[in-house]
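Comments concern the structure below.
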Amino acid sequence: MRFSRSDNGSGFFELLATQASHLVRGAELLARIHGADKERRVALRDELHRVEHDCDEVTHQVSSKLNQTFVTPFDRDDISFLTNRLDDCMDYMDEAGDLIVLYKVDDLPRGVVEQLNVIQRCCDLTAEAMPRLKTLGGLKDYWVEINRLENEGDQAYRRTLSELFESGLDALEVIKLKDIIETLEKAIDSFESLANGVETIAIKES
């Protein structure tokens, strides 16, 4: 037995929407880290850490609520999947921001800007989609667009790596930049995994 999606199970949807709102803030900070000087980057990175912590707290709240709730609006595993994928998206954004600061990179490849733009768009779409889980209405456009964006991110990732390896930069600098580029790619992949999960849940629950 599960709650109908319109009754007391709504607390789960509110928590997931809150998590998604943290992603939007995280993406904004990550973009600002990219464009800031080295001193300013540290403060922005610390703020990004705080947003990541807030996202973690919501993940814990969802887990606690699952343990305390007898009936849930979706299967427990599906709710757990959603909150964990949202957390993964945030974790990779936080990691990328941390690497930019720790590696003290001066100039990031132009393809990084493309990756950051994809991440920001994924965050915005995810934040718009999470409240719609309550009714499962109007979600198809969300997962279709996320998959399109993931393809766009893949192209930027491959192109940026190719340009990096042909750049003539010092080997250590190449390794640093490669770590950042790959972490951003993992963030984008996490958004696709989340969107694919939403599609599966929508089909299952319809």
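For any residue, its number in the numbering used here is found by taking its place in the sequence shown, counting from 1, and adding 151.
We treat Cβ as the ideally placed atom computed from N, Cα and C, and that holds for glycine.
In this text the structure is predicted, and so the values were computed from the model without any measurement.
Helix, strand or coil at residue i [DSSP, three-state]
i, result
"L300", "helix"
"A353", "helix"
"L290", "coil"
"F232", "helix"
"Y308", "helix"
"K337", "helix"
"L320", "coil"
"D207", "helix"
"G348", "helix"
Option in the options with minimal Cα separation from residue i
i, options, result
"R196", "D207, I184, F164 and C206", "I184"
"T358", "V264, G162, Q271 and I326", "One cannot answer for residue 358 here, as it falls past the ends of the chain, which runs 152 to 357."
"D238", "I352, A353 and K337", "K337"
"F232", "L217, D245 and E246", "L217"
"I297", "T277, L312, L315 and Q306", "T277"
"K329", "E190, T311 and E343", "T311"
"N268", "G304, E246, V252 and D229", "G304"
"D245", "I339, S357 and F225", "I339"
"S357", "H204, P224 and H211", "P224"
"E324", "T351, Q306 and L253", "L253"
Beta-carbon proximity of residue i to residue j, cut-off 9 Å
i, j, result
"K327", "V256", "yes"
"L166", "V193", "no"
"A178", "Q266", "no"
"R92", "L345", "In this structure the chain extends from 152 to 357, so residue 92 is not present and cannot be described."
"A353", "L287", "yes"
"L180", "V213", "no"
"C206", "L174", "yes"
"D229", "K355", "yes"
"E301", "E343", "yes"
Own chain, CB closer than 7 Å to residue i, minus 5 neighbours either side, in chain order
i, result
"S341", "R236, D239, C240 and Y243"
"M152", "Because M152 sits at a pLDDT of 37, beneath the cut-off of 50, its placement in the model cannot be relied upon, and the following sentence gives the value as read from the coordinates. Closer than 7 Å at the Cβ level, and outside the excluded window around M152, lie V222."
"L290", "A280, R283, V349 and A353"
"A187", "L195"
Own chain partners of residue i with C-beta closer than 8 Å, once the 5 adjacent residues on each side are dropped
i, result
"N159", "Unreliable positioning characterises N159 in this predicted model, as indicated by a pLDDT of 46, which lies under 50. The coordinate reading is nonetheless provided below. There are no such residues."
"R176", "V202"
"I332", "P260, G262, V263, Q266, Y308, T311, L312 and L315"
Close-in-space but distant-in-sequence residues of the same chain around residue i (CB under 6 Å, 5 per side omitted)
i, result
"M281", "L167, A168 and A171"
"G248", "L181, I184, R196 and L199"
Within-9 Å CB hit, residue i to chain C
i, result
"N302", "Protein chain content of the structure displayed is limited to a single chain, and chain C is not contained in it."
Query - Complete runs of the alpha helix (DSSP H) confined to the segment 215 to 287 [at least 4 residues] - result: 227 to 253 and 261 to 280
Query - Unbroken stretches of the beta strand (DSSP E), 3 residues or longer, contained in the segment 175 to 208 - result: none
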